[in-house]
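> Start counting the sequence shown at 169; every next residue gets the next number (this note's numbering). Before I ask anything, let me first share the structure, which is written out below as structure tokens.
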Amino acid sequence: MVGRKTVIPARQALLLGLVICFAATAASRTAAANPAQLISDFRLKHGEKRVTLDGTLTRIAHDQAQAMAAKDKLDHDVLGRFNTRVSPAGAGRAAENIAYGYDSFPKTLDQWINSSGHRKNLLLPGATRVGVASVKSATTGRTYWAMVIAGDYERPKPPKSSPKSSPKDSKQANAAKPKSRAAEACRLKILSLCF
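Structure follows, in structure tokens:
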């Protein structure tokens with residue numbers, strides 16, 4: 169009996185170890201399948217910052233994927249101009265990638281990485297947030313994908329001076345403000361940014 173008692177706990181320990189290893193492997197696969205993590209991994213390899221999932225961008229991406237699936241048409245303008253659709257996000261710059269036919273995000277991401285225009289969007293400088301969605305067409309069964317990546321969010325505005333402040337205080341506050349971008353020449357304007 170003594171030998172049997174020591175064998176059973178060893179088997180239980182082995183079984184418990186296997187369960188923990190399996191759970192850890194499954195958890196890492198789930199984490200790796202997170203679109204923001206996969207995009208961040210790619211961005212970090214190319215000198216750009218990590219992005220996080222954003223609810224507003226995910227909704228915008230979902231609306232786009234849903235409209236493409238409903239019309240069974242791959243088209244950036246299926247719901248209207250991108251600048252109009254992305255404006256609720258409040259980003260200074262944004263880009264969109266779309267695709268169809270891939271059954272998983274890693275396959276879709278791989279296609280975007282291997283396409284120069286899509287790759288450029290994935291590496292959008294200053295991007296900090298992303299939204300990704302897919303919707304299957306009821307007509308053809310194709311899966312439509314949309315990704316919106318954005319950055320350069322507006323910084324909070326400084327509080328207005330109180331009525332008790334003196335004109336000298338206001339003058340000093342104004343002197344500390346950076347030069348307005350409106351004075352610069354604007355060759356290309358996208359989402360209120362001059363380039």
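Quick reminder that beta carbons are idealized off the backbone N, C-alpha and C, glycines included.
1) What would DSSP say about ASN289, mapped onto helix, strand or coil?
2) Nearest to THR311 by alpha carbon, out of THR276, ASP222, HIS244, ARG253?
3) Given a cut-off of 8 angstroms on the beta-carbon distance, is the pair ALA229 and GLY299 in contact?
4) ARG297 and LEU225 look like a contact to me (Cβ under 8 angstroms); what is the Cβ gap, rounded to whole Å?
5) From this set, PRO293, ALA314, ALA295, ARG211, which residue's C-alpha is nearest VAL303's C-alpha?
6) Compare the beta carbon distance of ASP240 and THR308 with 8 angstroms and say whether it is the shorter of the two.
7) Per DSSP, what kind of secondary structure is ARG297 in: helix, strand or coil?
8) What's the gap between the Cα of HIS214 and the Cα of ARG227?
9) MET236 to LEU212, Cα distance in whole Å?
10) Alpha carbon to alpha carbon, how far is ASP271 from THR220? Give it in angstroms, no decimals.
11) How long is the line joining the alpha carbons of ALA192 and ARG249, rounded to whole angstroms?
12) For a quick check, are the C-beta atoms of ALA318 and ARG261 less than 8 angstroms apart?
13) In chain order, what residues of the same chain lie with their CB nearer than 7 angstroms to the CB of ALA257, ignoring the 5 residues before and after it?
14) For ALA262, list the residues DSSP reports as bridge partners.
15) Exposed or buried, what is ASN367 when buried is set at 16 or more other beta-carbons lying within 10 Å of its beta-carbon?
16) Classify SER302 as helix, strand or coil using the three-state DSSP reduction.
17) Which residue comes first and which comes last in the alpha helix (DSSP H) that contains ARG211?
18) Tell me which same chain residues have a C-beta within less than 8 angstroms of the C-beta of ARG253, skipping the five on either side of it?
19) Relative to the C-alpha of SER305, which candidate in ALA238, ILE207, LYS217, ARG218 has its C-alpha closest?
20) Taking DSSP as the reference, what is the three-state secondary structure of VAL137?
Taking the geometry as given:
1) helix
2) THR276
3) yes
4) 6 angstroms
5) ALA314
6) yes
7) strand
8) 27 angstroms
9) 30 angstroms
10) 23 angstroms
11) A caution first: ALA192 carries a pLDDT of 45, below 50, which makes its placement in the model unreliable, though a value can still be read off. Between ALA192 and ARG249, the C-alpha separation is close to 43 angstroms.
12) yes
13) THR224, LEU225, ILE228, ALA318
14) ALA318
15) Nothing in the structure corresponds to residue 367, since the chain is present only between 169 and 363.
16) strand
17) 203-213
18) ILE228, ASP231, GLN232, LEU247
19) ALA238
20) Coverage of the chain is limited to positions 169 through 363, which leaves residue 137 absent and any answer about it impossible.
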